[in-house]
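Here the structure is laid out as C-alpha cells; the discussion comes afterwards.
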Amino acid sequence: MTTIQDSLRTVRVYGILIALLGVVLLPFYVMFSSTLKSEAELFRTPATLTPDAVSIGAYQAVWGSTDVVLWILNSVIISVGTVLLALVLAIPAAYSCARNDFVGKRTFLLSVLVVQMFAPVVLIVGLFDVITELGLFNSYLAVIIPAAAFTLPFNIWMLYGYFQTIPVALEDAARIDGATQRQVLTKIVLPISKPALVASVTYTFLYAWNRLLFVLTFLTDSAKYNIPRGVFSMVGALQTDWRMMLTVSVLGILPILLLFAVLEEHIASGMTAGAVKQ
Amino acid sequence: MERVFRSQKLRYVHQHRWAYLLIAPAAVFLLAVVGYPIVETFRLSLYQSQASAATETFVGLAHYEAILTDQAFYDLLYRTGKWVLAGVLGKTLLGLLIAVALNADVRGQKFFRTAFLIPWGIPYAISAVVFRWIEHPQYGALNAALLQLGVIEQGVGILGNPDTALLGVVVADIWIGTPFMAIIILAGLQSIPVELYEAASIDGADRYQQFRYITLPQLKGVLFIATLLSTIWTFVSFDVIWTMTRGGPLNATTTLVIQIYQVGLENGAMGRGAAYSVIGFFVLLMFALVYIRVYAGDDL
Amino acid sequence: MVTDTNRFDRRRLLQAIGGGGAVLIAGCMGDLVGSDGDDADIQLLTMGVGDNIQGFFDETTAAFEDEHGVSLELTSVTWDNAKQTVNNRVDGDQAPDVGRWPARWIPQLVGKEAIEPLDDLMQGSFYDKFYEGMAEGCTYEGSYYGVPWAASNKCLFYNKNVFEAAGLDPENPSLNSWDEMLEAATQITNETDTHALGLAGADAIETGSQYYHYHWSHGADLVDDDGAPVVNSPEGVAGLSFYADLHQKHGVTQPSPLSSTRQDIRELFESGSLGMVIAHAYAGLNIQENDAEFEFGIVQVPEGPAGRYSLNTVDSLVIFSQSEAKDLAKDLIRFYYDEERRFEYSSKKGFMPVMQSVGERDHFADSPVWGPFIEAGQYARTRPKLPNFNEFNDRMVLAIQQAVGGEQSPQAALDAAQEDLTSMMNTE
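Following this line, the structure appears as C-alpha cells:
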C-alpha cells in the first residue's frame, strides 16, 4: 500500500520536476539550438523551433578564430580572485558580528547593505577615480576589487546568519583545551561552516563570472577580457554575429556546470543554514 | 597589565577590541572602494553639470526640487515598483516551487539540481539578448510557437507594445533570478528538522497544513534575507531592461535606474542623474529599515 | 555661483574618504598585479571591431609596432558603451591617445577640453587626401578636431523578387518620391505575404536617423540657424504624419514597429522577408556575402515635397589632450591613411571611402552596391552638431514612438517635443 503511494508520489515528483525544468530550460534550448543553425536559418521568419540542418560551424569558428579559451581563463582568474578577497574580508566581519554585541554592530550591518542600494552604473564614475588612484587601471584587480565590494553584503549577512547557529559551547571547549582565537576560527568554526562557505563561494564566483560592466570600464587590454566582455566584442558596428555570441556564451557555461557538479553536494546543504536564523 | 583609560569610551573599545578589529578590514575596504563613489554621488547631486563642459555649477537642492515636483517622477517610481514587485514575487514563487520539488528524495537529484542552475551561469546581458530574441516579432521562437499552435495569425511584438513590454522584460528578469532563489530556499527547506513533520503527521496534519504551518514559518528567516536582497538587486538592476528595450517603447519599461543612466550618462547631466540616484537610495533604505523592523524588530 | 571643480579637489575628497584604506589596498595589492608598469606606448580606442575587420587591425597593429619600435594597444568597445566608456576614461585621467569618435560628438569633447585641435595635421598634401565635405564634417568652431575615418550614407533597398511577385517592375521601379514608394508598398501588401516596408520605431538612437529622411524632405528642420529647436513646423508635422501613417493608416510596415530597431529591419531585409528598407551600403555587402536567394536593387532615398536627403555620418580619429604621446599619435594617424590600408579598411568594413583616391578605384566606382551610394553623396545631410544632440534625439525618438504607436497625433507629439526641447536648450 505504502509502496504504491510512494511510487505514485515519485512519479508525480518527476512529472513536476521535468515540467519545471522544461520551462526553465526553454530559453536555454532556444539559445543552444540557435548555435546549431545556419546564419540564414537564424533569421528565418517565422523562426524554426529545431535546426533544419545541424551545423557545428559556429563552434569551429569560435574555436578557430576567437580567444575563447583565454576569456574562460580570465573569467576563472577574476572569479577566483573575487572569491578569495570577498571571503577573507567577510569571514572575520561576520564572525565578529555573530559572536559579539557591540556598539555600532547594527550600523555596520546596515551600512553593508547600503553598498547595494546604488546602482553600479551610477557609482562607476566615482569608482573610476578610486581605481585610477590605486593605480589599478587595466589590471585584474580593477575588476576583482569592485566585484568583491559588491558581493560583501550577501557574504557578510549569509555567514553572519550561519555562524550564529554554531553553539558557543563547541568553541569554549576548544578554548579550555588551550586553542587560540585564531585556531578556534580555523579549526572549529570554518570546518563546521563549510556548507555556508560553499554557498558564498558559488554566489561570489558567479557574480564575478557574469559581470560585464567592470571589465568594460576598467580593462582595456584584450588579453584580460573575460567571457561577457569577449562576447560583447563581437557586437560589430555593421553586423553583430549573434551566432558567435551565443556560441561563446554556451561554451562559457561549461566550466560553470563543472563547478556546479563538484560543489553540488555542498551547495544545497550550504545555503541551508545561512539565513536560517537572523 | 591592567591599563587605565581616561574615558569610558576608550575602555569600551579596548574591551571589545577583537570585535572591532575583525570587522575593520571589511569596513575599511568598503569605505575605501565605495565610500568615495557614494559621497561623490551625493556631492554631484547638488551641482549642475554638462557632458560638454569641465565646469560645474552649484545649484543646491534644485535638482531634487525639480524631480520631486514633477508628476513624471511618481510615474517612474510607480513603474519601478511594479517591476520590482512582479520580479521579486515571480522569482520567489517560482524559486519556492522548484525548491520544494528538488527537496523530494528522488534519484537523479544531483542532475536536476545542477540543471536548474544553468540560467545563473549565463551573463545577464546575454540572457537578455536571448529573451529579446525569443520575443522578437519576426525571428522569435515564441511567435513561431504561437503561430504553429494557431493562437495568433501574425507576429506580435511583446516588447513593441507599451502595454506588454514591462511583462516581456519581467519574464527575463525572473528567469535570470530564479536559480538563486531556488537554491537558497532549498537550503532553508533542508534545515527544517524532520521531527517537526513526523510530529505533525502523527497529529493528523495533511500535506497542505504541514506546508502552511511548518514549512513556511520555518522558511521565514531564509525568505526574509532572500527577498530583502532580491528587492534591492531588482530595484537597481540595469542590464536586462537596457539590453531588451532601452526603457522603451514610450518609456513603458523605464525604471529609475534606466532613467539615471539616460539622464546622467547618456545625456551627460550627471548632477541630475546623481539626484535621482540619491532619491532611489533613500527609497530603498526606507524600505529596508521598515522590512527589517517588521521581521526582526530590534533583535537584528 | 560658478565653481570650477578640478580634478585636484575630487582627488582630495577621495583620499580623505578612502584614507588609509586606499593606501593599504594599494600597498598590499598593487604589486601583485602589474598595471601601470606594462602600459603600451600608445593606445587606440575604436568601436565595433567585428570579425570582418579584426584581421585588418591585427596586421596594421603589428606593422605599426615594427615600423616605430613601439607597442600599440588596441581596444574596441561596443557602440552602446562607446560614449560612456570614453567619457569615463577622460574623467578618470585614463584617456586613450587616439580614439575613433563620431564627428557629431566632437562638440561634447571639445567643450570638456578633452581633444586636441588638429589644424597643423589637416593641411597640405595630407588634407588633400580627403573628400572636402568629409573633412569639413570634422570641424567645430573653426578648427579641425578630427580626421575623417569612416563615413556612411543611405539609399533605399528593394527586393526584386518581391517586386516581381507583386507585379511591379523589378528593374526600373518607380520609387522616386515618397508617394510612389507608398504606392509600391501598398501593392506589395495587397499582392504578397511579404511585409512591404521596414519602419524603425524602437527606443534607439537610429530610430531618429531613419525618420529624419522624412522630416527633412518635407521641408522641416530640427534646429534653426541659431540652434533653437523648430521640430513642430507644419512641414515637420507633415513628415511625421507620413511616417506614422505608413504603419497606422496604410499598414504597409512589418508588424510591431515599436519593437524594431534599425538593425532589426535591416536584418529582416537581408533575410528576404521585407520588400524595402532604407539602409547603409553594408546591407548590400552582407546580402552578397551570404549568397541570399533573392535579387535586390538600390535606388536613391525617395524625395519629398522639399527635396531628397541621405543621412550622412562621418566618424573621425581624434587625439586626446591627456595623451603623452601626441607626436606618436599623429604618426599613427598618418600611418592609417596610407592609400592601400584605407582601401582595405573601406572595402572590408563596408563604409564609404573618405579618401578620394580610394573612392575612385574601380572597386567602388564600378560596384552595383557602391555606385548608388557614391551618387547619394550629393544628397548628403548631417544631423545638427549640438553638444547635447543625444538628449535632443532621445526626445525626438519619444515623439516618433508616440506618433507611430498611435498614442498621440503627430502634431501633439511634436508640439510637446518642441516645448521640452526648447526648455532643454535654454537650461543648458
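Residue numbers (our numbering), protein chains in the order written: chain L, 1 to 278; chain X, 1001 to 1300; chain D, 2001 to 2428.
C-beta: ideal position from N, C-alpha, C; glycine also.
Item	Value
Cβ-Cβ separation, residue 154/L to residue 1229/X (assumed contact under 8 Å), whole Å	6 Å
C-beta contact flag for residue 2302/D and residue 2175/D at 8 Å	yes
When 216/L, 134/L, 196/L, 114/L are compared against residue 2078/D, the one with the closest alpha-carbon	216/L
Contact check, residue 2150/D vs residue 2351/D, beta carbons under 8 Å	yes
Under 9 Å from the C-beta of residue 114/L: neighbouring residues of chain D	Those within 9 Å of residue 114/L in chain D number zero; the least Cβ separation is about 14 Å.
The beta strand (DSSP E) enclosing residue 2047/D, as first and last residue numbers	2042-2047
Completely contained alpha helix (DSSP H) runs for the segment 1045-1074 of chain X, where each covers 4 or more residues	1062-1068
Residue span of the beta strand (DSSP E) that contains residue 2155/D, given as start and end	2155-2159
Neighbour flag for residue 2407/D against chain X, beta carbons, 8 Å	yes
Per-residue contacts from residue 1029/X into chain L (C-beta, under 8 Å)	89, 148, 149, 152
First and last residue of the uninterrupted alpha helix (DSSP H) at residue 1187/X	1165-1190
Which residues DSSP lists as bridging residue 2101/D, in chain order	2316/D
Reference residue 2091/D; option with closest CA among 1117/X, 1055/X, 1120/X	1055/X
Rounded straight-line distance, which links the Cα of residue 2221/D to that of residue 2419/D	15 Å
Backbone CA spacing between residue 85/L and residue 207/L [nearest angstrom]	13 Å
Unbroken beta strand (DSSP E) run spanning residue 2073/D, endpoints	2072-2077
Given residue 1186/X as reference, the closest of 1144/X, 1099/X, 1092/X once Cα atoms are compared	1099/X
Within-8 Å CB hit, residue 1982/D to chain L	Within the shown structure, residues of chain D are numbered from 2001 to 2428, placing residue 1982/D beyond reach of any answer.
Residue from 127/L, 67/L, 254/L, 32/L whose Cα sits closest to the Cα of residue 229/L	67/L
Status (buried if at least 16 other CB within 10 Å, exposed otherwise) for residue 1050/X	buried
Contacts around residue 2044/D, its chain only, beta-carbon distance under 6 Å, and the 5 residues preceding and following it disregarded	2074, 2098
Limits of the alpha helix (DSSP H) - the one that residue 1279/X falls within	1270-1296
Inter-residue CB distance, residue 16/L and residue 1101/X (contact presumed, cutoff 8 Å)	5 Å
Bridge partners - residue 2147/D, DSSP secondary structure assignment	2317/D
DSSP-derived helix/strand/coil call for residue 2425/D	helix
Continuous beta strand (DSSP E) stretch holding residue 2277/D: start and end	2274-2279
Same chain, Cβ closer than 8 Å to residue 2199/D, neighbours up to 5 away in sequence not counted	2210, 2243, 2246, 2247, 2253, 2254, 2257, 2260, 2265, 2404
Cβ of residue 2210/D within 8 Å of any chain L Cβ	no
Bridge partners - residue 2140/D, DSSP secondary structure assignment	2143/D
Partners in chain D for residue 217/L, counting only beta-carbon separations shorter than 7 Å	2085, 2088
Rounded separation between residue 1192/X and residue 190/L - CA only	22 Å
Residue 85/L: first and last residue of the uninterrupted alpha helix (DSSP H) it sits in	68-99
Chain X contacts made by the segment 2141-2153 of chain D, where a contact means CB separation under 8 Å	none
Other residues of its chain near residue 2134/D: CB distance less than 6 Å, five sequence neighbours each side excluded	2148, 2151, 2314, 2354
DSSP state of residue 1136/X mapped onto helix, strand, coil	coil
Residue 2084/D versus 196/L, 214/L, 179/L, residue with shortest Cα-Cα distance	214/L
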